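Q: After the C-alpha cells below, expect a handful of questions from me.
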Amino acid sequence: KAGVTQTPRYLIKTRGQQVTLSCSPISGHRSVSWYQQTPGQGLQFLFEYFSETQRNKGNFPGRFSGRQFSNSRSEMNVSTLELGDSALYLCASSLVGRFYGYTFGSGTRLTVV
Amino acid sequence: EDKVVQSPLSLVVHEGDTVTLNCSYEVTNFRSLLWYKQEKKAPTFLFMLTSSGIEKKSGRLSSILDKKELFSILNITATQTGDSAVYLCAVEAAGGGADGLTFGKGTHLIIQP
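Top to bottom, those sequences are chains A and B.
Residues -3 to 109 in my numbering are what the first sequence spells out, letter by letter.
Residues -14 to 98 in my numbering are what the second sequence spells out, letter by letter.
Here's what the structure looks like:
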C-alpha cells in the first residue's frame, strides 16, 4: 500500500513569505502529526490532527498552523517565514490507538533565504 | 517536560561488530518507547516497546525496555554497511499530551567495511 506522501519535496522561500506543505497519510490512518527536524534541535513535535481536530500542539509560535481535511489529508502553514524555519518538515500517520507506531513520510526540505 | 537522551551521539565500528545503542528517558505517564532508523529522510519504524523486560527482535536487531530504570537499548549484531544510519529513540506519553513523540538527538552509526 502507498506510504505517507509529502509534497513538495523541496521548497525555497524568502523571509517574510508564507508556505503551505501537504501530507497524505496511509489509507485508513486518521491521525497525522507534523515534526520539524533541524541539525541543532533534532526532531521536534509541531502538532497532531485526528478527525479534522487538532489534538496536541508542540511549543512553536502561532506562525505555525495546520489543518486536516475529511479525507485525513493534512496541511501545515508557516507564515512570515524566518531564516530559522529552514528545516526538514516530516509528517507521520498512525492508526487509531497508536499502538502500531507512526509511519513517516520523506519530508519537505524548506530553505528560507 | 519530557526528555530523551541517547548515547553515544556517534559511533564508528567495523562490519561484523555488535553495537549497543542507549536511550534514557523521563516522561510523564509513559505509554511507549519507539526506535526508528533514519538513512536519508523518512525515519523508518523499527520497534515499539510498551512492557518492561520484553525483548523485541527482528533479524539482527533487538531491543529491550527497562521501565524501572527508564532506559532502553537497541542491539545490532553482525553489523553490515547498510546499517549505517541515524538511530532515533522516541517516547510517547499516555493520553497524547502536548508533546506528541519526544525524540532524542539520535545516534549516528557508521559501519566501515
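Ideal Cβ positions, reconstructed from N, Cα and C, are used throughout, including at glycine.
Owing to the predicted nature of the structure, the values given are computational and were not obtained by experimental measurement.
With burial defined as no fewer than 16 other Cβ atoms inside 10 Å of the residue's Cβ, what is the status of leucine 85 of chain B: buried or exposed?
A: The residue labelled residue 85 of chain B in the question sits at position 100 within the second sequence. Reading off the sequence shown, one finds glycine at residue 85 of chain B, where the question assumed leucine. Glycine 85 of chain B should be labelled buried.
Q: What's the gap between the Cα of glycine 82 of chain B and the Cα of cysteine 19 of chain A?
A: One-based indexing of the second sequence puts residue 82 of chain B at position 97. One-based indexing of the first sequence puts residue 19 of chain A at position 23. Caution is warranted here: a pLDDT of 49 is assigned to glycine 82 of chain B, below 50, making its placement in the model unreliable, and the coordinate value is therefore given only provisionally. Looking at the two C-alpha atoms, the distance is approximately 22 Å.
Q: For chain A, check one thing: does any of its Cβ atoms lie closer than 8 Å to the Cβ of lysine 52 of chain B?
A: Taking the first residue of the second sequence as position 1, residue 52 of chain B is located at position 67. Judged by the 8 Å Cβ criterion, lysine 52 of chain B is not in contact with chain A.
Q: Around the C-beta of glutamine 14 of chain A, are 16 or more other C-beta atoms found within 10 angstroms, so that it is buried, or is it exposed?
A: Residue 14 of chain A sits at position 18 when you count from the first residue of the first sequence. Under this definition glutamine 14 of chain A is an exposed residue.
Q: At the 8 Å Cβ level, is glycine 85 of chain B part of the contact set with chain A, yes or no?
A: As a working mapping, residue 85 of chain B is identified with position 100 in the second sequence. It does; some Cβ of chain A falls within 8 Å.
Q: In the structure shown, what three-state DSSP assignment does threonine 66 of chain B receive?
A: Working through the second sequence from its first residue, we reach residue 66 of chain B at position 81. Here DSSP, grouped into helix, strand and coil, assigns threonine 66 of chain B to helix.
Q: Quick one: what's got a C-beta closer than 7 Å to phenylalanine 46 of chain A's C-beta in the same chain, skipping five residues either side?
A: To locate residue 46 of chain A, count along the first sequence from 1; it is residue 50. If we look at phenylalanine 46 of chain A and ignore the five residues flanking it on each side, its Cβ neighbours are Arg26 and Ser27.
Q: Answer yes or no: do glutamine 64 of chain A and glutamate 48 of chain A have a C-beta to C-beta separation smaller than 8 Å?
A: Reading the first sequence from its first residue, position 68 is the one you call residue 64 of chain A. Reading the first sequence from its first residue, position 52 is the one you call residue 48 of chain A. Contact flag set, yes.
Q: From the DSSP output, in three-state form, read off glycine 62 of chain A for me.
A: Mapped onto the first sequence, residue 62 of chain A falls at position 66. Reduced to three states, the DSSP call for glycine 62 of chain A is strand.
Q: Beta-carbon of leucine 46 of chain B versus every beta-carbon of chain A: anything under 8 Å?
A: Taking the second sequence and counting its residues from 1, one reaches residue 46 of chain B at position 61. Not closer than 8 Å to any Cβ of chain A, the Cβ of leucine 46 of chain B fails to qualify, so no.
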